[in-house]
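When we follow the numbering used here, the leftmost residue of the sequence shown carries the number 9, and every step to the right adds one.
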Amino acid sequence: MKNPIHPMKILTAQQIRDCDAHTIAIEPIPSIDLMERASSRFVKAFEQVVSSQSKSVSIFCGTGNNGGDGLVIARLLHHKSWAVDCYLVQFSEKMSPDNVANQERLKDSGVSPKIITSISDFPSEVHPLIIDALVGTGITRPLEGLLGEVVQEINKCSGSVFAVDLPSGLFDRDDCSEYLDRIVHAHSTFTFQNPKRNFLLPEYANIVGAWQVLDIGLDHGFIDQLSCDEFLLQASDIQSLIQPRLAHSHKGTFGHAGLICGSQGMVGAAVLSTSACLRSGAGLTTIMVPEVGYDILQTSCPEAMCLTSGQNYIAAVPNLEKYNAIGIGPGLGQNKATKDVLLDVIRNSHVPLVIDADGLNLLDETDLSNLPVNSIITPHPKEFERLFGKTENSHARISLLQKKAAPLNIIILLKGHHSAIAFPNGQLYFNSTGNPGMAKGGSGDVLTGLITGLVARGYTSENAAVIGCYLHGLAGDICADAIGMEGMTALDLVHHLPEAWQILENL
Numbered sequence: 009m010k011n012p013i014h015p016m017k018i019l020t021a022q023q024i025r026d027c028d029a030h031t032i033a034i035e036p037i038p039s040i041d042l043m044e045r046a047s048s049r050f051v052k053a054f055e056q057v058v059s060s061q062s063k064s065v066s067i068f069c070g071t072g073n074n075g076g077d078g079l080v081i082a083r084l085l086h087h088k089s090w091a092v093d094c095y096l097v098q099f100s101e102k103m104s105p106d107n108v109a110n111q112e113r114l115k116d117s118g119v120s121p122k123i124i125t126s127i128s129d130f131p132s133e134v135h136p137l138i139i140d141a142l143v144g145t146g147i148t149r150p151l152e153g154l155l156g157e158v159v160q161e162i163n164k165c166s167g168s169v170f171a172v173d174l175p176s177g178l179f180d181r182d183d184c185s186e187y188l189d190r191i192v193h194a195h196s197t198f199t200f201q202n203p204k205r206n207f208l209l210p211e212y213a214n215i216v217g218a219w220q221v222l223d224i225g226l227d228h229g230f231i232d233q234l235s236c237d238e239f240l241l242q243a244s245d246i247q248s249l250i251q252p253r254l255a256h257s258h259k260g261t262f263g264h265a266g267l268i269c270g271s272q273g274m275v276g277a278a279v280l281s282t283s284a285c286l287r288s289g290a291g292l293t294t295i296m297v298p299e300v301g302y303d304i305l306q307t308s309c310p311e312a313m314c315l316t317s318g319q320n321y322i323a324a325v326p327n328l329e330k331y332n333a334i335g336i337g338p339g340l341g342q343n344k345a346t347k348d349v350l351l352d353v354i355r356n357s358h359v360p361l362v363i364d365a366d367g368l369n370l371l372d373e374t375d376l377s378n379l380p381v382n383s384i385i386t387p388h389p390k391e392f393e394r395l396f397g398k399t400e401n402s403h404a405r406i407s408l409l410q411k412k413a414a415p416l417n418i419i420i421l422l423k424g425h426h427s428a429i430a431f432p433n434g435q436l437y438f439n440s441t442g443n444p445g446m447a448k449g450g451s452g453d454v455l456t457g458l459i460t461g462l463v464a465r466g467y468t469s470e471n472a473a474v475i476g477c478y479l480h481g482l483a484g485d486i487c488a489d490a491i492g493m494e495g496m497t498a499l500d501l502v503h504h505l506p507e508a509w510q511i512l513e514n515l
């Protein structure tokens, strides 16, 4: 994948600390002023989100730098005429210097933090808005003692909780799913500079809540040179990969996509995949279906050419040499003859394959080792586990995902809310578009057709996977905004793909 100018790296806690130290030394800026800058960015975002609510807030601060952020936030909100109750939870005798300094600054502004030394000091009433600034990314074990008790009390409160950098008790990237009761359950999280990996995993969705990244001015040049193999896709990254359509182009310029889909009762999957392929920008699309699907495809997708084989299931495929990419699987069925067809395609194809749905259900890991180089598979978690084995949690699944892409020399797109795309070189890209309204039959068929068309028109398999995944989710977000998540269908995704393309092209 061609690297975007500033890809959103998913850094470790240590790398973020290194960024802090480098920025402090090179900008130069005192650490307490960097804390002030980060906290002011939090306050700006916080006020935008809660602008219609009453201006009263309870802020819970720890003794480290995350607590120092909370103390600054308390002072800044007080200056903006907020009613602020600030609590300092003294779970440790050790306090960071910037925390101590900001305690004094807060007192000088007219707000004295209330000290919590035991759980009996926890307030009987808190404001409807709560800010969590107890601990940040430095923790590596579950919260215990006073800190753990305070977290549990915060979680009992009925107000909306806003976390500073990350919810207290949440590890930035290691598994902590067994300790969810000792992690603050935030409604929103404002994280500094770069996302944390755990924000992207399903176990922690209800812990992190809605989240956004705040740029606090850490040195971008230093971040760019940090070693990293995990990234979050953004619109600017995708826009930088889109190839222009030159004035003297013709349909042959943009490749020929082949699709092998459909069986009796599942011809709709072929329609969805073909319709999406037609909106990928590919020059030509040919769909191979059993005879039961011919009239349906010719009527539904008049722009596509249609070939048939077999009555109710595809029985054989013609010569594949004229196709630049082949998508196979949606609605294919799972009888033995169909598996033989699939294996024949794998043996005889010299272009990348895009395999999903029944195409994956018919294969095992041994079959995958015979795929053409740079093929793409798009399993959902259950399909992934059937192919590669069960995993204990999302962390283990992501690790296995990265390990499998390299030896197979394929791209694996693990579908989910933040779909994870593993490249053979070890890089992992998380998608940032999409919504639960897309969790309906046919959405995966649309993705297969879209990616197949992108490969056919000349994108590398890596770029086709990330562009297709992002566009697919963006079309879903447009649908959700236009008609709502409940009523949207996979066909609505297809209809909104042109608008998704237009949004990226106009950035």
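We put the CB at the ideal spot given by N, CA and C, even for glycine.
Test item: CB-CB of residue i and residue j under 8 angstroms
| i | j | result |
| --- | --- | --- |
| Ile-124 | Cys-94 | no |
| Ala-277 | Ala-365 | yes |
| Thr-293 | Leu-315 | no |
| Ser-516 | Glu-211 | A query on residue 516 cannot be resolved here, the shown segment of the chain reaching from 9 to 515 and no further. |
| Lys-164 | Asp-180 | no |
| Ala-526 | Gln-220 | What is shown of the chain runs 9 to 515, which leaves residue 526 out entirely. |
| Val-92 | Val-119 | yes |
| Leu-255 | Ala-290 | One point to set straight first is that residue 255 is Ala, not Leu, in the sequence displayed. Not a contact, by the Cβ cut-off of 8 angstroms. |
| Gly-270 | Gly-318 | no |
| Ile-215 | Leu-249 | no |
| Gln-61 | Pro-136 | yes |
| Asp-116 | Ile-40 | no |
| Cys-236 | Lys-17 | yes |
| Ala-473 | Ile-429 | yes |
| Asn-356 | Leu-379 | no |
| Thr-282 | Ala-312 | yes |
| Asp-227 | His-30 | yes |
| Ser-89 | Lys-63 | yes |
Nearest-angstrom Cβ-Cβ length linking residue i and residue j, presumed shorter than 8 angstroms
| i | j | result |
| --- | --- | --- |
| Ser-168 | Ile-138 | 7 angstroms |
| Ala-218 | Ser-196 | 5 angstroms |
| Gly-153 | Ser-104 | With a Cβ gap of about 19 angstroms, Gly-153 and Ser-104 do not count as contacting. |
| Gly-273 | Gly-466 | The Cβ separation is near 35 angstroms, so there is no contact. |
| Ile-385 | Ile-363 | 5 angstroms |
| Ile-304 | Leu-512 | About 31 angstroms; that fails the 8 angstroms criterion. |
| Lys-347 | Leu-370 | 4 angstroms |
| Ala-413 | Phe-431 | 6 angstroms |
| Asn-332 | Val-359 | 6 angstroms |
| Val-65 | Leu-84 | Going by Cβ atoms, the distance from Val-65 to Leu-84 rounds to 11 angstroms, so no, they are not a contact pair. |
| Gly-484 | Leu-280 | Incorrect: roughly 14 angstroms between the Cβ atoms, too far for contact. |
| Leu-209 | Arg-49 | Rounded, the Cβ-Cβ distance is 25 angstroms, inconsistent with contact. |
| Phe-198 | Leu-155 | The Cβ separation is near 21 angstroms, so there is no contact. |
Bridge-paired residues (DSSP) for residue i
| i | result |
| --- | --- |
| Glu-238 | Leu-436 |
| Gln-220 | Phe-198 |
| Ser-168 | Leu-137 |
| Gly-266 | Thr-294 and Ile-334 |
| Asp-93 | Ser-66 |
| Thr-316 | Val-297 |
| Ala-430 | Ile-420 and Leu-436 |
| Lys-122 | Tyr-95 |
| Leu-499 | Paired residues: none, contrary to the question. |
| Lys-398 | Partner(s): none; Lys-398 has no beta bridge. |
| Met-16 | Leu-240 |
| Ile-475 | BP columns for Ile-475 are empty, so no partner. |
| Ile-385 | Ile-363 and Ile-420 |
Candidates the options, of which the one nearest residue i by Cα
| i | options | result |
| --- | --- | --- |
| Asp-182 | Phe-396, Gln-410, Ser-402 and Asp-245 | Ser-402 |
| Pro-225 | Asp-28, Leu-280 and Glu-152 | The sequence shown places Gly at residue 225, rather than the Pro named in the question. Ranking the options by Cα distance to Gly-225, first place goes to Asp-28. |
| Leu-462 | Gly-450, Ile-475, Gly-452 and Gly-273 | Ile-475 |
| Leu-42 | Gly-70, Lys-52 and Val-80 | Val-80 |
| Leu-368 | Leu-286, Ser-407, Pro-310 and Gly-452 | Gly-452 |
| Leu-240 | Cys-69, Ser-440 and Ile-295 | Ser-440 |
| Val-143 | Asp-223, Ser-281 and Gly-75 | Gly-75 |
| Pro-131 | Leu-114, Gln-111 and Val-97 | Val-97 |
| Glu-373 | Asn-417, Phe-99 and Gln-23 | Asn-417 |
| Glu-238 | Asp-375, Gly-484, Tyr-437 and Leu-499 | Tyr-437 |
| Gly-70 | Val-108, His-87, Leu-376 and Thr-31 | Val-108 |
| Arg-45 | Ser-176, Ala-213 and Asp-77 | Asp-77 |
| Phe-200 | His-193, Ile-486 and Leu-174 | Leu-174 |
| Pro-15 | Arg-253, Gly-229 and Ile-295 | Gly-229 |
| Val-502 | Asn-514, Asp-26 and Ile-486 | Ile-486 |
| Pro-415 | Ser-377, Ser-383 and His-388 | Ser-377 |
| Cys-309 | Gln-233, Leu-499, Glu-101 and Ile-406 | Leu-499 |
| Gln-233 | Pro-506, Ile-24 and His-258 | Ile-24 |
| His-388 | Ala-213, Ser-427 and Arg-287 | Ser-427 |
Do the segment 445 to 452 and the segment 489 to 496 make contact, defined as three or more Cβ pairs closer than 8 angstroms?
-> yes
Report yes or no: do the segment 448 to 462 and the segment 333 to 343 share at least 3 C-beta pairs separated by less than 8 angstroms?
-> yes
Hey, is the segment 419 to 438 in contact with the segment 382 to 399, meaning 3+ C-beta pairs nearer than 8 angstroms?
-> yes
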